[in-house]
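Residue numbers (mature numbering (1 follows the signal peptide of the UniProt record, and there is no 0)): -23 to -1, 1 to 299.
Here's the structure we're looking at; comments come further down.
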């Protein structure tokens, strides 16, 4: 059963309970939680006794919740910091905050008053935002080469940059294997972090950039062969790239020219007109013994749609003998 009383009555009850003997001194406990999660602030009480009066306060008395033997007496807030996301355990008096937000960071004070004594406890709650994945980029203009002391060999180095945008309460670090190389931190300011690193191009070690807060971390591993390219490598690959592009352009031009010539000089198919008489009706060939005359035959197409009851027509060509 929920009983709501006025603020004045509640404060009177609270002040009356202050007359008891104080037991535990104020204890501070730090709590870290990720934004959007739920957090429980435990009172360390197994069960609320019949005469116990429990009070929770957040900030300068902005939010107050009181509990009297498993029944919530009063719960009011002067802001919309929590809305309906607060819950009180009626058996232990612990405070539960659901879907906590960044504005939920701060001090939470718990006061228990009873005839056996008084107990105060303070929770310092820090709400952390979700961490972004760190981004590793290379600055090719800063790639350099240095010669050894003997001058016989040179070592190529690549300049890298790890970054994280709009972060707070985090640390950005470079690791070589499990060894920390460098790090940079930011407290309550929301800023962008950048951390440089210079590695050798032929380095076979494992490098990673890590961003972390007290409860989470995000890691990006470095791929040296993908991000780092020396000037010597670029100079070696450039002729091959130019040659490949030149060959591709020449082949494309040849294909266009051949297609144009094919279209221009190909012979059109001869069309036979079956309805006109041949230009040469007959041809005479003179031999030694006899004279042979050849006639050129004219063929008519077989008309498929001709009616069956029509008679077929035969055309004869005249043959002249000389």
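Here a beta-carbon is modelled for each residue, glycine too, at the ideal position from N, C-alpha and C.
Residues near residue i in its chain [Cβ-Cβ closer than 6 angstroms; skip 5 each side]
i, result
"residue 69", "20 and 22"
"residue 191", "9"
"residue 198", "185"
"residue 58", "80"
"residue 7", "101"
Beta-carbon gap between residue i and residue j smaller than 7 angstroms
i, j, result
"residue 149", "residue 161", "yes"
"residue 110", "residue 195", "yes"
"residue 33", "residue 84", "no"
"residue 75", "residue 62", "yes"
"residue 65", "residue 42", "yes"
"residue 112", "residue 140", "yes"
"residue 5", "residue 114", "no"
"residue 138", "residue 171", "yes"
Exposure of residue i, with buried meaning 16 or more beta-carbon neighbours within 10 Å
i, result
"residue 127", "Its pLDDT being 49, under 50, residue 127 is placed unreliably in this model, and the coordinates cannot settle the point."
"residue 104", "buried"
"residue 143", "exposed"
"residue 241", "exposed"
"residue 230", "exposed"
"residue 236", "exposed"
"residue 188", "buried"
"residue 96", "buried"
"residue -1", "Residue confidence for residue -1 is low, a pLDDT of 47 falling below 50, so the modelled location carries little weight; the figure read from the coordinates is stated next. It counts as exposed."
"residue 234", "exposed"
"residue 226", "exposed"
"residue 219", "exposed"
"residue 205", "buried"
"residue 264", "Any answer about residue 264 is weak, because its pLDDT of 49 lies below 50 and its placement is not dependable; what the coordinates show is given next. Under this definition residue 264 is an exposed residue."
Nearest candidate by alpha-carbon position, reference residue i, set the options
i, options, result
"residue 30", "90, 62 and 190", "90"
"residue 133", "173, 180 and 141", "180"
"residue 80", "156, 13 and 205", "13"
"residue 25", "35, 7, 15 and 92", "92"
"residue 201", "178, 11 and 159", "178"
"residue 108", "7, 224, 11 and 226", "11"
"residue 193", "36, 232, 106 and 58", "106"
Close beta carbons around residue i, own chain, < 7 angstroms, minus the five adjacent residues each side
i, result
"residue 182", "153 and 154"
"residue 166", "145"
"residue 82", "102, 103 and 104"
"residue 60", "none"
"residue 35", "83 and 85"
Residues that DSSP places opposite residue i in a beta bridge
i, result
"residue 173", "138"
"residue 97", "88"
"residue 194", "189"
"residue 184", "153"
"residue 5", "99"
"residue 17", "73"
"residue 144", "168"
"residue 63", "74"
"residue 233", "According to DSSP, residue 233 bridges with nothing at all."
"residue 114", "138"
"residue 161", "149"
Chain-order list of residues whose beta-carbon lies under 8 angstroms from that of residue i (same chain, five-residue window excluded)
i, result
"residue 159", "150, 151, 172 and 174"
"residue 15", "73, 74, 75, 76 and 77"
"residue 157", "150 and 151"
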